[in-house]
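Working notes, beginning with the structure itself.
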Ligand code: BTN
């Protein structure tokens, strides 16, 4: 599913990370985006809180990457590059990245990423990628202790930007980077695939589906031809028939 196809906008949430995680645990597919106008318990890296007043772009994306856990750091980098490039294109401002997960402008923090993964016996079940971007936030909306280190697009440009348009542009760029990062792995997997053309049964989300394996989709989902058409499965347990 394209990353811009399923975007949920909420007025206020404790944290989009938590809502996206709950949805993923309930089986939400890759590409679901949870966005909140404000967060009341925004989370930063290393257990820090993340100030998330109205005017910012606060969202989390559900991913189900066919990657081993040690490769997940790359996803964060790909996402950072996609966001920085998009913002350079839209604002013309010289964005910079600070390893691992910070977006900088004028040597102040403009935004940050958070990557939370959910593993099942060493396999990546899903990843939640969060981005917080200080868009239309005046200086006095930041907590006093953050003011010397934080900035926003409004502070830097005296212009307001549409969070919706920024979100769509960042998601489009992120999807391109994601597909490019995953493509060689999916291509090689398809060469080695033991299941292709075989009848199988896949147990997922509490029920089973029977069909014939048809390889992996570009985003790493298992494609199964069933009597009612082709379906793409992002998780599940495969049994040969
Ligand atoms: C950091 O730099 O510490 C990472 C900050 C990540 C903040 C975003 S805002 C949207 C999503 N929901 C959260 O609670 N955190 C991330």
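In my numbering, the protein residues as written are 1 to 241.
Heads up, the beta-carbon is just placed ideally off N, CA and C, and yes, glycines get one too.
In this text the structure is predicted, and so the values were computed from the model without any measurement.
Beta-carbon separation of residue i and residue j under 7 Å?
i           : j           : result
residue 32  : residue 6   : yes
residue 138 : residue 57  : no
residue 175 : residue 3   : yes
residue 34  : residue 86  : no
residue 13  : residue 36  : yes
residue 243 : residue 53  : Residue 243 is absent from the structure shown; the chain starts at 1 and stops at 241.
residue 143 : residue 51  : yes
residue 72  : residue 117 : yes
residue 146 : residue 199 : no
residue 204 : residue 228 : no
residue 226 : residue 206 : no
residue 20  : residue 128 : yes
residue 78  : residue 177 : yes
Can you tell me the Cβ-Cβ gap for residue i and residue j, rounded? I've got them flagged as a contact below 8 Å.
i           : j           : result
residue 232 : residue 217 : 5 Å
residue 132 : residue 112 : 5 Å
residue 43  : residue 17  : 6 Å
residue 65  : residue 135 : Between residue 135 and residue 65 the Cβ distance is about 27 Å, and since that is not below 8 Å, they are no contact.
residue 119 : residue 75  : Their Cβ separation, rounded to whole angstroms, is 14 Å, which puts residue 119 and residue 75 out of contact at 8 Å.
residue 219 : residue 182 : 7 Å
residue 39  : residue 62  : Wrong, their Cβ atoms sit about 17 Å apart, outside the cutoff.
Return the chain-ordered list of same chain residues with a C-beta closer than 8 Å to the C-beta of residue i, the five sequence neighbours on each side being excluded.
i           : result
residue 97  : 80, 81, 84, 103 and 104
residue 230 : 214, 223 and 224
Excluding the 5 residues preceding and the 5 following residue i in the sequence, name in chain order all residues of the same chain whose CB lies nearer than 6 Å to its CB.
i           : result
residue 208 : 201
residue 161 : 135 and 153
residue 168 : 4
residue 88  : 95
residue 237 : 203
Report the partner residues of residue i according to the DSSP bridge assignment.
i           : result
residue 113 : 131
residue 212 : 199 and 225
residue 35  : 9 and 59
residue 126 : 118
residue 98  : 102
residue 170 : According to DSSP, which records beta bridges pairwise, residue 170 is partnered with nothing at all.
residue 233 : 222
residue 28  : Partner(s): none; residue 28 has no beta bridge.
residue 204 : 207
Between which residues of its own chain and residue i is the CB-CB distance below 7 Å, once the five residues before and five after are set aside?
i           : result
residue 242 : For the chain, the structure presents residues 1 to 241; residue 242 sits outside this window and is missing.
residue 47  : none
residue 9   : 35
residue 1   : 29, 30 and 31
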